[in-house]
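Residue numbers (UniProt numbering): 1 to 96. By construction, the Cβ of each residue, glycine as well, lies at the ideal position given by its N, Cα and C atoms. Quantities reported herein were computed from a predicted structural model and do not represent experimental measurements. The structure appears right after this line, and notes come after that.
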Amino acid sequence: MQDNDPKHTSAFARDFFKTANIVWWKTPPESPDLNPIEKIWHELKHFLRSHHKPTTKDQLVDGILTFWKHDTPRRTLVKQKDPKPDRQKRNCSLAQ
1 MQDNDPKHTS AFARDFFKTA NIVWWKTPPE SPDLNPIEKI WHELKHFLRS
51 HHKPTTKDQL VDGILTFWKH DTPRRTLVKQ KDPKPDRQKR NCSLAQ
């Protein structure tokens, strides 16, 4: 998934999408509701700033590896739930 971040809307990217017949919708940049990876980026940044506090590149890499090793991204995604579960059921029943 890509959002409407400027690097995704460059002329090069638009030409590639058009040539490859890729249809995409414009979405807000860094929208955690539409792109689950944004929640993981947020958790990683929070972890590095509050727990690991790297001052060198090696410490940064170590902090990122520690974050991933402790299964933090999986917990982050599990915490993300549809705020209206009935909507999901309704959409599934409409698709049948």
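Between the stretch 36-49 and the stretch 60-74 there are three or more inter-stretch CB-CB distances shorter than 8 Å, so the stretches are counted as touching.
Across the structure, Thr55 and Ala20 are spaced so that their CA atoms are roughly 42 Å apart. Nearest to His51 by C-alpha distance, out of Phe16, Arg75, His42 and Gly63, is Gly63.
In the three-state DSSP reduction, Trp24 falls in the coil class, being neither helix nor strand.
As the crow flies, the alpha-carbon of Ser10 is around 14 Å from that of Trp24.
Look at Ser50 here: in three-state DSSP terms it is helix.
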